[in-house]
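Read through the structure below, which is laid out as structure tokens, and then see the notes.
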Amino acid sequence: MTERIIIAGAGGQGIMIMGKVLAEAAMRENKFVTWLPCYGAEVRGGTAYCMVTVADKEIGSPWIDLADTLIIMNNPSLLRFKNRVKNKGFVILNSSLVKDSLKGNFLILKHDFSDIASRLGNIKIANMAALGAYAAKKKTVKMATLLEVIRNMAKGYKQELFGINKLALLSVSK
Amino acid sequence: MVKKKILITGNEALAEGAIQAGCLFYAGYPITPQNELIACMSKRMIEMGRVFIQAESELAAINMVYGASAAGARSMTSSSSPGVSLKQEGISYLAGAELPCVIVNIMRGGPGLGNIAPAQSDYFQATRGGGHGDYRCIVLSPSSVQEAYEHMFKAFDLADKYHIPVIVLGDGMLGQMMEPLIIKPTNHESQTKNQKPWALTGCKGRKPNVVKSFFMAEGDLEKFNLKLQDKYREIENKEARYEGLFLDQAQELIMVAYGSMARIAKQALLNLRDKKLKAGFIRPITLWPFPKEIFGQVVRKNPKVKFLVLEMSYGQMVEDVKLAVNGRAVVEFLGRSGGGILSEDEIIKYAKSI
Amino acid sequence: MQKVFSRPQALKDKQTHYCPGCGHGIAHRLVAEAVDELGIREEVIGIAPVGCSVIAYDYWNFDCSEAAHGRALAVATAIKRLKPQNIVFTYQGDGDLAAIGTAETIHTANRGENLTVIFINNAVYGMTGGQMAPTTMLGQKTATTVKGRDPTLHGYPLKISELLASLPSVKYIERVSLHNPQEVNKAKKAIKQAFQNQIEGVGFSLVEVLSSCPTYWDMPPVKALDWMKEVMTKEFPLGRIK
Numbered sequence: 016m017t018e019r020i021i022i023a024g025a026g027g028q029g030i031m032i033m034g035k036v037l038a039e040a041a042m043r044e045n046k047f048v049t050w051l052p053c054y055g056a057e058v059r060g061g062t063a064y065c066m067v068t069v070a071d072k073e074i075g076s077p078w079i080d081l082a083d084t085l086i087i088m089n090n091p092s093l094l095r096f097k098n099r100v101k102n103k104g105f106v107i108l109n110s111s112l113v114k115d116s117l118k119g120n121f122l123i124l125k126h127d128f129s130d131i132a133s134r135l136g137n138i139k140i141a142n143m144a145a146l147g148a149y150a151a152k153k154k155t156v157k158m159a160t161l162l163e164v165i166r167n168m169a170k171g172y173k174q175e176l177f178g179i180n181k182l183a184l185l186s187v188s189k
Numbered sequence: 234m235v236k237k238k239i240l241i242t243g244n245e246a247l248a249e250g251a252i253q254a255g256c257l258f259y260a261g262y263p264i265t266p267q268n269e270l271i272a273c274m275s276k277r278m279i280e281m282g283r284v285f286i287q288a289e290s291e292l293a294a295i296n297m298v299y300g301a302s303a304a305g306a307r308s309m310t311s312s313s314s315p316g317v318s319l320k321q322e323g324i325s326y327l328a329g330a331e332l333p334c335v336i337v338n339i340m341r342g343g344p345g346l347g348n349i350a351p352a353q354s355d356y357f358q359a360t361r362g363g364g365h366g367d368y369r370c371i372v373l374s375p376s377s378v379q380e381a382y383e384h385m386f387k388a389f390d391l392a393d394k395y396h397i398p399v400i401v402l403g404d405g406m407l408g409q410m411m412e413p414l415i416i417k418p419t420n421h422e423s424q425t426k427n428q429k430p431w432a433l434t435g436c437k438g439r440k441p442n443v444v445k446s447f448f449m450a451e452g453d454l455e456k457f458n459l460k461l462q463d464k465y466r467e468i469e470n471k472e473a474r475y476e477g478l479f480l481d482q483a484q485e486l487i488m489v490a491y492g493s494m495a496r497i498a499k500q501a502l503l504n505l506r507d508k509k510l511k512a513g514f515i516r517p518i519t520l521w522p523f524p525k526e527i528f529g530q531v532v533r534k535n536p537k538v539k540f541l542v543l544e545m546s547y548g549q550m551v552e553d554v555k556l557a558v559n560g561r562a563v564v565e566f567l568g569r570s571g572g573g574i575l576s577e578d579e580i581i582k583y584a585k586s587i
Numbered sequence: 005m006q007k008v009f010s011r012p013q014a015l016k017d018k019q020t021h022y023c024p025g026c027g028h029g030i031a032h033r034l035v036a037e038a039v040d041e042l043g044i045r046e047e048v049i050g051i052a053p054v055g056c057s058v059i060a061y062d063y064w065n066f067d068c069s070e071a072a073h074g075r076a077l078a079v080a081t082a083i084k085r086l087k088p089q090n091i092v093f094t095y096q097g098d099g100d101l102a103a104i105g106t107a108e109t110i111h112t113a114n115r116g117e118n119l120t121v122i123f124i125n126n127a128v129y130g131m132t133g134g135q136m137a138p139t140t141m142l143g144q145k146t147a148t149t150v151k152g153r154d155p156t157l158h159g160y161p162l163k164i165s166e167l168l169a170s171l172p173s174v175k176y177i178e179r180v181s182l183h184n185p186q187e188v189n190k191a192k193k194a195i196k197q198a199f200q201n202q203i204e205g206v207g208f209s210l211v212e213v214l215s216s217c218p219t220y221w222d223m224p225p226v227k228a229l230d231w232m233k234e235v236m237t238k239e240f241p242l243g244r245i246k
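These protein sequence lines map, in sequence, to chains A, S and Y. Residues 16 to 189 in our numbering are what the first sequence spells out, letter by letter. Residues 234 to 587 in our numbering are what the second sequence spells out, letter by letter. Residues 5 to 246 in our numbering are what the third sequence spells out, letter by letter.
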């Protein structure tokens, strides 16, 4: 098994942390994993994307030319990455912000993650909603492991932080 | 310390390795893509009660390392390509004064300001001396986060053993990527407490020590340079290291790559072997001294073998491979730099064409 | 018979390579006397610059390091941070401290490193053959200002001591001169104070020492001393700056 995932969105949407949570969960499940961040020149805004590879054997390049899964959190990212997913690959779109359509032989999953996050009380957790949707469908890592990772990351912060991220993670996966 | 597994960037692994290897002094100047390293050092060095200085420039940083090393401390700096260019004068002085130190270069695209994408275009600079004068630095090239951590121990040990600057040469991909790192219990106290009778500590109870690289009297510099050359020959004889795959049998093709590029090359190689191509793999771990012996051994097994050198540059290590092969076999080259990274498919396609 | 004058222990019994009338020999000796009188010879670590005094470590009888041109204060910073119990000083010329090493000078001072700096200002580059220094006088002829220093082309003599005095972390700056015995005595006092400050942990201390270079001023030694008094001290007023 080798699963290559590109996660893309705008700076500030929590793209990097999404990849890190997934990568950390894969490590906890004793899988081989790499995470590679890419930023634009902007410190705020602009594009941000990261590449996560999860495998049951040694990983060569952490760089991904063609992904098995594409998680797109805003419209510019769709335009930029729509050709970077394999035929029959899996594409998750944040329909709150992605307005263009995607044509091709893909399995497409659309949810209004940003709206879901807003309804939960914090637009910043759209990333966890999308990650939950991904994990529920692809089962690359267990939901329980993802919860363990975010519980651990939230340590030292406000109590509500874990709760709201957990809600987001499970929001679309149920 | 108990063995533990953490998800960490290559830059942080280099920093943590330095801490565990007993680095007592760090000076650096921010530059992408090695900023996680300096940030990690600023936190960890202070926690450990050691010295961290954010210098006003790369020049100041490398010369602070000179002072720290002269005072007998395990010391290091880190930067990325343009910053390492600025450090070259200081590295030459360190080599000339025979001071041990570690310099991390997380390479990015050049020339000039270039970009912040990973590259391997500082190979010449690292392995040929880089600054003025006849000198060499030992150059280690990690290709995983785990190795980045472990190479820091090796780097400090070699620096102290030979009184020489050691460069750990990674690239932006290695620096920025996260991978699981297994931190093993270590005992490096012995190295940090090793005797440095030449160090500047104040001349109580002994004659004054002088740390210098200046030899004005007739004949002195030549004598000193010959001593340096003897040391370099000893290092070449004892310290060359590589990782080899399938080298025990005769092969038709040998792929040669280092650092991040070697990870991709290795996957391409395994893929080609699945398709019944008789191929092997050499990954130099020390870039200087270059592990040239193995190339002769491979040629002796099959005089018709071809080498394919893969780099994130337009052909630098390939020159060392050609020197090692010395005209006895065909050496092919494939490389990209400036943002593009060779993919497994590109390598396979090219390998099949030769 | 009582011996009233002898070589300080901190000075080796060695003839220097300096030109007749050069101030470096006196300045070296003042440093050595201060070190002896403070009883710190076995703790002191000196940093020699690149310039005429490049081999100062051949004359001083204590631990020393060379530094690349302009980087003495970077080297000193690291040593002092690692060895706060040692007394670390730099000895730098005007080219080293006020041209190529300006960044190190300002930032070491601004960090407030507990160091002692002996800054030799002789208004010219000696070792390389008498070129313009940042401190060269207006109108002064040098190998690279053959018609004299012209402010429209070369700017004005750089008063680095006054610049440094504006930094809150700088604790002590004094400008002294070696043009006559009275001034030499004052210079000695200032140098000793700058070391004393470090012993007491006061912080960054610098003594600017006006020194003669008869060779590249193209003057006999005695005239050079007069020129220091008449010309240099007008541009670079003596006394405590901070």
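Glycine included, every Cβ here is placed at the ideal spot set by N, Cα and C. Treat the numbers as computed from the prediction; the structure is a model and nothing was measured.
When S/Ala330, S/Ser446, S/Pro430 and S/Lys445 are compared, the shortest CA-CA separation from arginine 439 of chain S is found for S/Pro430. Looking only at Y/Lys227, Y/Ile245 and Y/Leu214, the smallest Cα-Cα distance to isoleucine 30 of chain Y is reached by Y/Leu214.
Comparing alpha-carbon positions, the option among S/Lys464, S/Pro517 and S/Val532 lying closest to alanine 328 of chain S turns out to be S/Lys464.
Restricted to the stretch 187-227 of chain Y, the beta strand (DSSP E) segments that are unbroken, complete and at least 3 residues in length are 208-214, listed in chain order.
Going by DSSP, threonine 434 of chain S is part of no beta strand (DSSP E) at all; its letter is neither H nor E. In its chain, beyond the 5 residues on either side, Leu373 have a beta carbon closer than 7 Å to the beta carbon of lysine 387 of chain S.
Taking every protein chain shown into account, the CB of arginine 19 of chain A has 16 or more other CB atoms within 10 angstroms, so this residue is buried. Here alanine 306 of chain S has Leu257 and Phe258 as same chain residues with Cβ atoms under 6 Å from its own Cβ, once five neighbours each way along the sequence are excluded. Neighbours of leucine 433 of chain S in chain Y, taken as residues whose beta carbon is under 7 Å from its own, are Ile49, Asp67, Ser69 and Ile83 in chain order.
When secondary structure is reduced to three states using DSSP, valine 531 of chain S falls in the helix class. Under the 9 Å criterion on CB atoms, threonine 49 of chain A is classed as interfacial with respect to chain S.
Between serine 576 of chain S and chain A, the shortest Cβ-Cβ separation is below 9 Å. In this structure, serine 312 of chain S places its C-beta atom within 9 Å of the C-beta atom of alanine 294 of chain S. Rounded to the nearest whole angstrom, the CA to CA distance from glycine 74 of chain Y to serine 57 of chain Y is 13 Å.
When rounded, the separation of the alpha-carbon atoms in isoleucine 574 of chain S and threonine 519 of chain S is 22 Å. Nearest Cα to alanine 147 of chain Y within the set Y/Gly130, Y/Pro155 and Y/Leu157: Y/Gly130. No residue range can be given for leucine 575 of chain S, since it is assigned to no alpha helix (DSSP H) and is classified by DSSP as neither H nor E. In the three-state reduction of the DSSP assignment, arginine 153 of chain Y falls in the strand class, which pools E and B. By the criterion of a C-beta distance shorter than 6 Å, glutamate 212 of chain Y is surrounded in its chain by Phe123, Asn125, Ser165 and Arg179, once the five residues flanking it on both sides are discounted.
Secondary structure at methionine 168 of chain A: helix, using DSSP grouped into helix, strand and coil. For asparagine 90 of chain Y, the neighbours in chain S by C-beta distance under 9 Å run, in chain order, Ala304, Leu433, Thr434 and Gly435.
Below the 9 Å Cβ cutoff, chain Y contributes Ala78, Thr81 and Ala82 as neighbours of alanine 260 of chain S, in chain order. Rounded to whole angstroms, the separation of the alpha carbons of glycine 477 of chain S and leucine 185 of chain A is 47 Å. Nearest to alanine 113 of chain Y by alpha-carbon distance, out of Y/Arg85, Y/Tyr160, Y/Gly99 and Y/Lys175, is Y/Lys175. Lysine 190 of chain Y and phenylalanine 240 of chain Y do not touch by the CB rule: their CB atoms are close to 14 Å apart, not below 8 Å. At least one CB of chain S lies nearer than 9 Å to the CB of serine 76 of chain A.
Shown here, glutamine 144 of chain Y sits in coil according to DSSP, grouped into three states, outside any helix or strand. Leucine 567 of chain S and glutamate 544 of chain S have their C-alpha atoms roughly 7 Å apart. For proline 52 of chain A, the nearest CB of chain S lies under 9 Å from its own CB, placing it at the interface with that chain.
Lysine 320 of chain S has its alpha-carbon roughly 25 Å from the corresponding atom of alanine 60 of chain Y. The CB of methionine 88 of chain A never comes closer than 7 Å to any CB in chain S; the least such distance is about 20 Å.
Within the stretch 66-127 of chain Y, the complete alpha helix (DSSP H) segments at least 4 residues long are 76-86 and 106-115, listed from N- to C-terminus.
Assigned with DSSP and collapsed to three states, valine 35 of chain Y falls in helix. Just measuring C-alpha positions, the residue of S/Ile497, S/Tyr368, S/Asp393 and S/Gln353 sitting nearest leucine 459 of chain S is S/Tyr368. As the crow flies, the alpha-carbon of alanine 40 of chain A is around 19 Å from that of lysine 236 of chain S. Contact between leucine 402 of chain S and methionine 340 of chain S is confirmed by a C-beta separation of about 7 Å, below the 8 Å threshold.
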